[in-house]
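Undergrad: Residue numbers (this note's numbering): -8 to 600.
Ideal Cβ placement from N, Cα and C applies to all residues, glycine included.
This one's a predicted model, so the numbers in the text were calculated from it and none came from an experiment.
Got a structure for you, questions after.
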Amino acid sequence: MSAPPTAPPRLVVGIDLGTTNSLAAIRAGKVARVLRDRDGEALVPSVVCFHPDGRTLVGREAKRLRLTCPDRTVFSVKRLIGRSAAEVGAEAARLPYPVVAGERGLPRIRIGDATLSPEAISARILQQVKANAELALGQPVAAAVITVPAWFDDAQRQATKDAAALAGLDCLRILNEPTAAALAYGIDGSKDGTVLVYDLGGGTFDVSILRIDDGVFRVLATAGDTHLGGDDFDLLLADRILAALPGGGKAVDPFVLQAVRSAAEGLKIRLSDAVEAELTLDLGPRGTASLRVTRAEFEAAIAPLVQRTLDCVQRAVRDAGLRLDQIDETVLVGGSTRVPLVRERLRALLGRPPHTEVDPDLAVALGAAIQADVLAGNDRSLLLLDVIPLSLGIETLGGAVQKLILRNSTIPTSVTEEFSTGVDDQTAVELSIYQGERELARDCRLLGTFRLRGIPPLPAGLPRIAVTFLVDADGVLRVHAREQRTGVEAGIQVVPTYGLSREEVRAMMLDSIEHAQADYAAREAIELRNKAEAMVRGAQRALALAELPPDQTYAVHKAVKALERLLAGPTDAAALRAGCDAVTQATATIADDVISAAVTRALREEEGR
Ligand code: ADP
Ligand code: MG
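Structure representation (C-alpha cells):
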C-alpha cells in the first residue's frame, strides 16, 4: 500500500513592483527571504528596452541603455499605469520615450510602429521577476501578492492586477506598500499602535501613517512627493562629475551622460558607507574625470531635498490628526534611506531612531511574502488586508443613498447603522444595496435587494432596524437587517466588484466627481422633504394625542396644512425650510411640550433612518 499522494504546497510569492526596482520574496516556515538571480542580485531595475536589433531587454541590461537608447527604453512606467492619457500628460512630458493617447483615452507607449500599454510593460518586468523566482526556487510560480502605494486608486490597482495576469501570474491580493513594510518589520497587527512608514525610493517619496487596531491596518494619512528620490541625489553628483570633465562637460553626448549617471549613482552608494569617495571615470577620447567627494559635501548638496521629505512627514502626521510623539514606531523603506543624512535628520525630528533592522530596499517584498504565505493557507494567525474600491450603502426614503462603508475602507470591515420605517404600521421594508460614489440611487449600481418582514405594526419611525454591512477578507459583502424589538432578521450576500471592469469603476468615480455639486443639491432636497414629512406626521400624531386649547390646535393645524401643500408640489427648498420653521414656531408656543416632544422624536428617528 502506498500513501496517498499529497499535493505539493502552492508557491505564492510576494512581489514589490517598484517605480525603480522590482523583486520577489517568499516565506517558508517563519522566515521570509528575497529571491535572487544567478548573479546573486535580488533587484530587477523596472526598465524594459525594446532594442532596435529586435531583442527585448529587462532589468539591469535595459537600465544601461536608458540614455543611449532613450526612445525605446521604458522606465518609471508605474507613473502611468491605471491612469488616463489626460491625467499623465505632465508626467509623460518628462519622459524621454513617446507616450500617446490610445483607445478610450488610455496612454500608450509608442515603440517604432507598435504601441504598448503600461500594463504590458509592467507585465514584462513581472515576467522577469517571476523567472528569477522560479530559477531560485526550482519550481514554477503561479500566484503572487503584489504591492502598490497606499494612495493608488482602484483603477491603478486593477491595472496592476491586469499586468500580473498578462505575466501569467494569479494576483491573489494587492497589498499597500507601507502595510507590507510594517509586516516585514514584525509589526503584524498583534499589537495596536501607530506606525509611520518613510519610503524614499529612486524617484518617489511616500510617507504613510498606519493605525493598527485589532489586527486591522488602516491608512490614516499619506503624503509625499512623486518627483523626489535617489535619482535627484544622483543628478547633483553627476553635475560634479561633468564639471570635472575637459571643457566642464559641455556638449556631451548620451553615451557620456549614461556613463556619468551610472558613476554618480555608484559614488552616492559608496558615500553611504564611507566618509569620502574617489572616482576616476575614463571616457577614452572624450576625456577623464577625476574627483574626490566627501560625505559632508554630498550632504550639503542634498540637505534641501531631505528637508522636503521631513516637511511631508510633518504634514502626514498632522493630516492623521496626530502629534509626532504619538507615533509608536517608524520604519524605513526604499534604497535611498541608506543615506546616513536621511536617517540622522529623521531621528532628530522624531527624537528617537527609526527602525532600520530590515534592508530598506527589500522590506516591501519581504512583507508581501508574509502576506502571500498567509494567503497560501500556511499561516492562519494573520488577518488579511485590503481595501474596497467603491462605497457601499442602502437606498433611503426618496431615492438617496446612505453610505455605510466608504470607498478605500480596509477590509475586512463591518458597519451597523439603525434605520426605521417611513409609513405607519409598515410591517415589511425593502432594502436595496448600492455601490458607487454618487448621492442618488439612480446614479449608483444596484447590487441586490431583500425584504425584512414581520416588523411589528407601529407608527412610522418607531421600529428600530439595525442594518449591518460586513465585507469579508475576500471582498464579499453580507448585508443583514434586524428589527431590534422583535428580533426578526433577513440578509443577503453579494460580491461587490463582480462584473465591474476597471473602466466601469473608473467611470463611476469620475462621474461622481463631475456631478458632486448637483448630487449634493438633489440629496439635500430629498432630505428636506423627508424632514418636512416627518414634521407633518409628528405634529399630526401629537395633535391627536394632546388635548390643546382650540386656538393653539388651529395654529398648529394651519402650519401643518401649509407644509403639506408645499410637499404636494415640486420641491422648493426655501419654501420648505420656511414651512418647517412655521410648524416649529406653532408648536413651540404651546405650553404643554407634548407636541414639540413628538416632533423632535419623529425628527430624531428620521435622521437615523
Ligand atoms: P523604488 O521603490 O523607487 O523602486 P528602491 O527602493 O529600490 O526604489 O530605491 C532605489 C534607490 O535607492 C536608487 O536611487 C538607488 O540609487 C538608491 N540606493 C540603493 N542603495 C543605496 C545606498 N547604499 N545608498 C544610497 N542610495 C542607495
Ligand atoms: Mg519602493
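1) Give the single residue among I456, D434, E524 and L437 whose Cα lies nearest to the Cα of R444.
2) In terms of DSSP beta bridges, what is L366 paired with?
3) Quick one: which unbroken beta strand (DSSP E) runs of 3-plus residues sit fully inside the region 56 to 120? Chain order, please.
4) Along the alpha helix (DSSP H) that carries F143, what are the first and last residues, could you check?
5) Spatial neighbours of G9 within its chain, please: C-beta separation below 8 Å, excluding the five flanking residues on both sides.
6) Would the region 241 to 256 and the region 294 to 304 be scored as touching if the rule is three or more Cβ pairs under 8 Å?
7) Is the closest heavy atom of the ligand MG to the C-beta of G570 under 6 Å?
8) State buried or exposed for G603, treating a residue as buried only when at least 16 other CB atoms are found within 10 Å of its CB.
9) Can you give the Cα-Cα distance for I72 and Q149, rounded to whole angstroms?
10) Less than 8 Å between C-beta atoms, sequence neighbours within five positions excluded: which residues of the same chain meet that for H42?
11) In the structure shown, what three-state DSSP assignment does A475 receive?
12) Taking 6 Å as the cut-off, is the CB of V266 close to at least one heavy atom of the ligand ADP?
13) For Q576, count the other beta carbons within 10 Å of its own beta carbon; 16 or more makes it buried, fewer makes it exposed. Which is it?
14) Classify T404 as helix, strand or coil using the three-state DSSP reduction.
15) What runs of the beta strand (DSSP E), each 3 residues or longer, lie entirely inside the region 227 to 276?
16) Quick check: is any heavy atom of the ligand ADP less than 6 Å from the C-beta of G257?
17) Please output, in chain order, the residues near the ligand MG using a CB cut-off of less than 5 Å to any non-hydrogen atom of the ligand.
18) Give me, in chain order, the residues of the same chain whose beta-carbon lies closer than 7 Å to that of G570; leave out the 5 immediate sequence neighbours on both sides.
19) When every heavy atom of the ligand ADP is checked, does at least one fall within less than 6 Å of the C-beta of N123?
20) Can you give me the Cβ contacts of D223 inside the same chain, cut-off strictly under 7 Å, excluding the 5 residues immediately before and after it?
21) To the nearest angstrom, how far is it from the Cα of L375 to the Cα of W142?
22) Residues in the same chain with beta-carbon distance under 6 Å from A172, minus the five sequence neighbours each way, listed in chain order, please.
23) Give a single yes or no on whether I116 has its beta carbon closer than 6 Å to a heavy atom of the ligand ADP.
24) What's the C-alpha gap between D583 and L468?
25) What is the rounded straight-line gap between the Cα of A509 and the Cα of A311?
26) Assuming L258 and L274 make a contact with CB atoms under 8 Å, what is their CB distance in whole Å?
27) Is T11 near the ligand ADP, with its Cβ less than 6 Å from a heavy atom?
28) Under the three-state reduction of DSSP, which class applies to T217: helix, strand or coil?
29) Give the DSSP-derived three-state secondary structure of Y189 in the structure shown.
30) Please state the DSSP three-state secondary structure of P36.
31) Measuring from the CB of I260, is there a heavy atom of the ligand ADP at a distance below 6 Å?
32) I'd like the ranges of any alpha helix (DSSP H) spanning at least 4 consecutive residues and lying wholly in the region 280 to 357.
33) Considering Cα atoms alone, identify which of T11, P448, L366 and R336 is closest to G5.
34) What residue does the beta strand (DSSP E) around L558 start on, and which one ends it?
35) Grab me the residues of E421's own chain with a C-beta within less than 7 Å of its C-beta, minus the 5 sequence neighbours each way, in chain order.
36) Thinking C-beta only, is A268 closer than 7 Å to R277?
TA: Looking at the atomic coordinates:
1) I456
2) Partner(s): none; L366 has no beta bridge.
3) Unbroken beta strand (DSSP E) stretches of 3 residues or longer found wholly inside the region 56 to 120: 64 to 66, 90 to 92, 98 to 102 and 105 to 107, given in chain order.
4) Where F143 is concerned, there is no enclosing alpha helix (DSSP H), given that its DSSP letter is neither H nor E.
5) S37, K69, G192, G193 and V355
6) no
7) no
8) This structure leaves residue 603 out entirely; the chain is present only between -8 and 600.
9) 9 Å
10) L48, L56, C60 and R63
11) Here the sequence assigns Gln to residue 475, which means Ala is not the residue at that position. Three-state DSSP puts Q475 in coil, outside helix and strand.
12) The closest heavy atom of the ligand ADP lies 6 Å or more from the beta carbon of V266.
13) exposed
14) strand
15) 267 to 273
16) no
17) The set of residues with CB atoms less than 5 Å from any heavy atom of the ligand MG reads, in chain order, G9 and G192.
18) A523, A553, L554 and L557
19) no
20) L296
21) Below a pLDDT of 50, predicted positions are generally treated as unreliable, and L375, at 48, falls in that range; the measurement from the model is reported next regardless. C-alpha separation (whole angstroms): 19 Å.
22) V188, V322, V324, A354, V355 and G358
23) The answer is no for I116.
24) A caution first: D583 carries a pLDDT of 46, below 50, which makes its placement in the model unreliable, though a value can still be read off. About 48 Å.
25) 30 Å
26) Rounded, the Cβ-Cβ distance is 15 Å, inconsistent with contact.
27) yes
28) The answer is coil: DSSP assigns T217 none of H, G, I, E or B.
29) strand
30) P36 falls in the strand class under three-state DSSP.
31) Yes, since a heavy atom of the ligand ADP falls inside the 6 Å radius drawn around the Cβ of I260.
32) 286 to 310 and 331 to 341, all fully within the region 280 to 357.
33) L366
34) Run containing L558: none in the beta strand (DSSP E); it sits in the alpha helix (DSSP H), P541 to A559.
35) T440 and R442
36) No; because the gap between Cβ atoms is not below 7 Å, this pair is not in contact.
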